[in-house]
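Residue numbers (my numbering), protein chains in the order written: chain W, 68 to 340; chain C, 17 to 321. Don't be surprised by glycine CBs; every beta carbon is placed ideally from N, CA and C. Owing to the predicted nature of the structure, the values given are computational and were not obtained by experimental measurement. Written out below as structure tokens is the structure these notes cover.
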């Protein structure tokens, strides 16, 4: 279904994307305009054209024309001091499709895409009662996935989700999070060396890999999602059976994509738990 | 996260039949013309105007709570843009993460649109400042309380607080309503000096086919406002929904926001609105006006000399 629909130009672009040839279907003016709107945030509610040009590394005359357009369309307003602010018309740009969703619901299409793409299973979880509870679980086409569902709980000490949660904690905070029940202590004693090794990788790459510790032959990458205060609020993960999801793909593609998703969720995660 | 977007199909699978039903469906479910910023002739002579940007944003603005997922062909129909143009714009929006793939070759907005909206709302500090008190008003009277600002011929809610267990309108932060039929719109219009109000009516009301029907109730509400300082919208916005509204003025002396309090006509009779709701509403509006002045003064101190 996919290829017959592609016009000739699009097909050329698709192959061009893999080479050095620029994407000729990419509308740079639109992209830059969106980048300008994206410069504004709660921390940066107003900017001048000069400041925007500096932030984006785009020539000032281009920024001026784009801002002029955004003002005429009502998406930006200018005050007497030439400071620009986003206007309420920005709320027309799809905002209400997402504004009522929980963080897990926001993450869902991205997690499902990962699961589908890599014949894997993905999820988003919170730490609760010394364990990780899955707020959302998405499965791809593979039949061989762990028997977990939305709402399932997994171990803090041995699961990738648990590791993702522990990864940013100090050793003292980790001990406190794990608690002192005998069961937790025993499983942590067994898992800790592998966790500490995985943490090395986390420091380097920004995602933590649980290779067969939670379940033999099952490898998973996880990334913590921080709230506005910098604390881990959620953990997202994606994993699969080793023959379907080789370590090279997990490290080379899945981990970086999870990291991108975590960064994207971070700006919006703190509002709705 | 996606690498490419599927281009819209050049023609529908069953051209004749599909067109017929689509047209019928469009006629039935889209009584109101889509707001479009594209067909403004003023832009055509503006050599500094970046059309590609305007068109791309027009595509994003097609998505809303009732239209969360849209296919390329439908986007072309909604915007009136040629399909190859729509395809290129969607490709760009997808690469930027503003659109993501959805079921059945459709597209839906991605997380970055949420960040844009939050940044815009952050420029309205009054909305957050007012929340707790609006919620208290809603809770104590079993109402819905809204704070809205004007965007052209529309009002946009920047805050909306609902009480539990009541029959409520589906109004949320970001909801856009007509300036001339909604209570918030009336609350704003009421606060303008008459000449400016008539100018706004000439621009936004006269072209609207609903206006002749609405006008008598609107005029009555404006008289009510002159005498009492608030307006009631009794069943005009929706036949079984009653609202009280008051303007909140900016430093320029013009109404910047309207504060509303509303409920179903079964619980919120005009008498209940006047006796119970309005005193609370006007008190809160006075407080919010003081808050607004403080924000305005902090944002740009008055110039000396």
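Open item on the list: Taking the straight line between their C-alpha atoms, what separation do you get for residue 277 of chain C and residue 290 of chain C?
Closed with: Those two C-alpha atoms are separated by around 11 Å.
- [ ] Please work out which residues of its chain come closer than 8 Å, Cβ to Cβ, to residue 44 of chain C, disregarding the five sequence neighbours upstream and downstream, and give them in chain order.
- [x] Bear in mind that a pLDDT of 41 at residue 44 of chain C, under 50, signals an unreliable position, so the number given afterwards is only what the model happens to contain. Cβ contact annotation for residue 44 of chain C (same chain, cutoff 8 Å, sequence separation greater than five): none.
- [ ] Would you please verify whether the beta carbon of residue 110 of chain C is less than 8 Å from any beta carbon of chain W?
- [x] Not one chain W Cβ lies under 8 Å of residue 110 of chain C.
Open item on the list: Can you check whether the C-beta of residue 64 of chain C is within less than 8 Å of a C-beta belonging to chain W?
Closed with: Yes, residue 64 of chain C counts as interfacial toward chain W.
Task: Integer-rounded CB distance, given that residue 108 of chain W should sit under 8 Å from residue 135 of chain C - done: The Cβ separation is near 5 Å, so the contact holds.
Open item on the list: Just verifying my parser: in three-state terms, what is the DSSP assignment at residue 188 of chain C?
Closed with: In the structure shown, the three-state DSSP call for residue 188 of chain C is coil.
- [ ] Return the residues of the segment 119-136 of chain C that lie within a Cβ-Cβ distance of less than 9 Å from chain W, sorted by chain order.
- [x] Those residues of the segment 119-136 of chain C that come within reach of chain W (Cβ to Cβ, closer than 9 Å) are 121, 124, 125, 126, 127, 128, 129, 130, 131, 132, 133, 134, 135 and 136.
Task: Cutoff 8 Å; reference residue 48 of chain C; Cβ partners in own chain excluding five residues on either side - done: The predicted position of residue 48 of chain C is uncertain, since its pLDDT is 41 and thus under 50; a value taken from the coordinates is nonetheless stated next. Annotation for residue 48 of chain C: no residue places its beta carbon closer than 8 Å to its own, counting only its chain and skipping 5 residues before and after.
- [ ] Would you verify that the beta carbon of residue 73 of chain C is, or is not, closer than 8 Å to some beta carbon of chain W?
- [x] Judged by the 8 Å Cβ criterion, residue 73 of chain C is in contact with chain W.
Task: Separation of residue 90 of chain W from residue 139 of chain W, as counted between CA atoms - done: Spanning the alpha carbons of residue 139 of chain W and residue 90 of chain W requires a straight line of approximately 29 Å.
Open item on the list: Would residue 284 of chain W and residue 265 of chain W qualify as a contact pair, given that the criterion is a beta-carbon distance under 8 Å?
Closed with: For residue 284 of chain W and residue 265 of chain W, no; Cβs fall outside 8 Å.
Task: Start-end ranges of the beta strand (DSSP E) lying completely within the segment 154-222 of chain C, minimum 3 residues - done: Along the length of the segment 154-222 of chain C, whole beta strand (DSSP E) runs at least 3 residues long occupy 160-167, 170-178 and 192-194, reported in chain order.
TODO: Consult DSSP for residue 141 of chain W and reduce its assignment to one of helix, strand or coil.
DONE: DSSP places residue 141 of chain W outside both helix and strand once states are collapsed to three, so it counts as coil.
- [ ] With distances taken Cα to Cα, identify the nearest neighbour of residue 195 of chain C among C:180, C:213 and C:267.
- [x] Residue 195 of chain C has its Cα closest to that of C:213, out of C:180, C:213 and C:267.
- [ ] Return the residue from the list W:121, W:94, W:119 and W:106 that minimises the CA-CA distance to residue 66 of chain C.
- [x] Nearest C-alpha to residue 66 of chain C: W:94.
Task: Residue burial classification, residue 40 of chain C (beta-carbon count within 10 angstroms, cutoff 16) - done: Its pLDDT being 43, under 50, residue 40 of chain C is placed unreliably in this model, and the coordinates cannot settle the point.
Open item on the list: Once DSSP output is grouped into helix, strand and coil, what is the label at residue 177 of chain W?
Closed with: Residue 177 of chain W falls in the helix class under three-state DSSP.
Task: Rounded straight-line distance, which links the Cα of residue 99 of chain C to that of residue 106 of chain C - done: Between residue 106 of chain C and residue 99 of chain C, the alpha-carbon positions lie close to 10 Å from each other.
Task: Spatial neighbours of residue 220 of chain W in its chain, beta-carbon cut-off 6 Å, leaving aside the 5 residues before and after - done: Within the same chain, Cβ atoms closer than 6 Å to the Cβ of residue 220 of chain W are found at 198 and 200, the five residues on either side in sequence being excluded.
TODO: Compute the Euclidean distance between the alpha carbons of residue 168 of chain W and residue 202 of chain W, then round it to the nearest angstrom.
DONE: When the Cα atoms are used, residue 168 of chain W and residue 202 of chain W turn out to be separated by approximately 13 Å.
Task: Nearest neighbour of residue 195 of chain W, chosen from W:276, W:300 and W:307 [CA to CA] - done: Ranked by Cα distance from residue 195 of chain W, the options W:276, W:300 and W:307 are led by W:300.
- [ ] Indicate whether the contact test is met: 3 or more Cβ pairs, each with one atom in the segment 269-288 of chain W and one in the segment 157-166 of chain W, closer than 8 Å.
- [x] Cβ pair count under 8 Å is below three, so no.
Task: Nearest-angstrom Cα separation, counted from residue 146 of chain W out to residue 286 of chain C - done: One C-alpha to the other measures close to 40 Å.
Open item on the list: Can you pull out the residues from the segment 316-337 of chain W whose beta carbon lies closer than 9 Å to at least one beta carbon of chain C?
Closed with: Residues passing the 9 Å Cβ filter: 324, 327, 328, 331, 332, 334 and 335.
Open item on the list: Counting only beta-carbon separations shorter than 8 Å, does residue 273 of chain C have a partner in chain W?
Closed with: For residue 273 of chain C, the closest Cβ of chain W is not nearer than 8 Å.
- [ ] Can you tell me which of the three DSSP states residue 127 of chain C falls into?
- [x] In the structure shown, residue 127 of chain C sits in a helix (DSSP, three-state: H, G or I).
- [ ] Could you check if residue 92 of chain W is buried or exposed, using at least 16 other CB atoms within 10 Å of its CB as the buried criterion?
- [x] Buried: at least 16 other Cβ atoms inside 10 Å.
- [ ] Give the residues of chain W in contact with residue 254 of chain C, contact being defined as C-beta atoms less than 7 Å apart.
- [x] Within 7 Å Cβ-Cβ: nothing; residue 254 of chain C doesn't reach chain W, min ~19 Å.
Task: Supposed contact pair residue 261 of chain C and residue 246 of chain C - C-beta distance, whole angstroms, cut 8 Å - done: The C-beta distance from residue 246 of chain C to residue 261 of chain C rounds to 7 Å, short enough to fall under 8 Å.
- [ ] With a threshold of 16 other CB atoms inside 10 Å of the CB of residue 401 of chain C, please say whether the residue is buried or exposed.
- [x] Nothing about residue 401 of chain C can be reported from this structure: the residues present for chain C run from 17 to 321 only.
Task: Sequence-distant residues of the same chain with beta carbon closer than 8 Å to residue 301 of chain C, five excluded per side - done: Excluding its 5 nearest sequence neighbours in each direction, residue 301 of chain C has C-beta neighbours in its own chain below 8 Å: 262, 263, 264 and 275, listed in chain order.
TODO: Answer with buried or exposed for residue 228 of chain C, where buried requires no fewer than 16 other C-beta atoms within 10 angstroms of its C-beta.
DONE: Note on residue 228 of chain C: under 16 other CB atoms within 10 angstroms of its CB, so exposed under the neighbour-count rule.
Task: Beta carbon proximity, residue 199 of chain W to chain C, threshold 8 Å - done: No - not a single Cβ of chain C is within 8 Å of the one on residue 199 of chain W.
- [ ] For the alpha helix (DSSP H) containing residue 287 of chain W, list its first residue and its last residue.
- [x] According to the DSSP assignment, residue 287 of chain W belongs to no alpha helix (DSSP H) but to the beta strand (DSSP E) extending over 285-293.
Task: For residue 241 of chain C, the three-state DSSP class (helix, strand or coil) - done: Look at residue 241 of chain C here: in three-state DSSP terms it is helix.
Task: Whole-angstrom C-beta distance between residue 236 of chain W and residue 244 of chain W, which should lie under 8 Å - done: Taking the Cβ atoms as the reference, residue 244 of chain W lies roughly 6 Å from residue 236 of chain W, within the contact range of under 8 Å.
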